[in-house]
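In this text, residue positions in the sequence shown follow the working numbering: the first is 4, and each later residue adds one.
Notes follow once the structure below has been shown.
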Amino acid sequence: MTRNLEKIKSGEVGFTIVEVLIASFVFSIIAIGISSIFIGILTNERRAFAAQKIEENEMFVLEMMARDIRVSKIENQEDPTCGLTTLTITHPVKGAIVYGLSVGVVQKTEGGTTVDISSSAINFTRMNFCVRGSGAIDQKQTVVTIISSAQNRTGKETIKFEIQTSVSSRSVETEFLQ
Numbered sequence: 004m005t006r007n008l009e010k011i012k013s014g015e016v017g018f019t020i021v022e023v024l025i026a027s028f029v030f031s032i033i034a035i036g037i038s039s040i041f042i043g044i045l046t047n048e049r050r051a052f053a054a055q056k057i058e059e060n061e062m063f064v065l066e067m068m069a070r071d072i073r074v075s076k077i078e079n080q081e082d083p084t085c086g087l088t089t090l091t092i093t094h095p096v097k098g099a100i101v102y103g104l105s106v107g108v109v110q111k112t113e114g115g116t117t118v119d120i121s122s123s124a125i126n127f128t129r130m131n132f133c134v135r136g137s138g139a140i141d142q143k144q145t146v147v148t149i150i151s152s153a154q155n156r157t158g159k160e161t162i163k164f165e166i167q168t169s170v171s172s173r174s175v176e177t178e179f180l181q
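Written as structure tokens, this is what we have:
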């Protein structure tokens, strides 16, 4: 017992200040590294949620349009250069429907009533329509290509999606008349 007390008094037992500083430095580096990884994971998660929100909204809008276009008649709107910014179709049940873009929001006009069909959290920067086969005497099936571009309105980083789809009008009314 007295031998242990002699070691403590003589300074042979314990950590030196250099050892304590090195251990603290190593621990700090490890803690900073783990914190950086965690912050990176949170940033990527927020980015993924924002991208998912944009993609889901854009796909919803395109699918809604596609459902109406498939059963509708589209006449005399031929534009293979994708210059159309509005599309007017004649639905067999709903009547005339107009799709267009206004201040970053996709709108649908049906029966004189205009409603927003895209979320206000998403900014549509482009909505163009390429129409082929809509001539009265061309004897072709009408095909509409929708080109859209959307991005988030909020968040630290701007995420942009560009989606394109083609829809053929399956208006059977023209088949029966010929």
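Virtual Cβ for every residue (Gly too), placed ideally from N, Cα, C.
The model shown is predicted, which means the values in this text are computed figures rather than measured ones.
query: Residues of its chain near threonine 128, where Cβ-Cβ distance is below 8 Å and the 5 sequence neighbours each way are ignored; result: Gly107, Ser152, Ala153, Gln154 and Lys163
query: Reduced DSSP secondary structure (H/G/I, E/B, other) of alanine 124; result: coil
query: Any chain C beta carbon closer than 8 Å to threonine 128; result: Protein chains in the displayed structure number just one, and chain C is not present.
query: Burial state of isoleucine 37, where buried means 16 or more other Cβ atoms lie within 10 Å; result: exposed
query: The stretch 120-140 / the stretch 75-86 touching (three or more Cβ pairs under 8 Å); result: yes
query: Entirely enclosed beta strand (DSSP E) segments - the stretch 88-146, minimum 3 residues; result: 89-94, 98-105, 108-113, 116-119 and 125-135
query: Reduced DSSP category for glutamine 80 - H, G, I as helix; E, B as strand; rest coil; result: coil
query: Of the residues Arg173, Val21, Gly115 and Glu160, the one placed nearest alanine 54, counting alpha carbons only; result: Glu160
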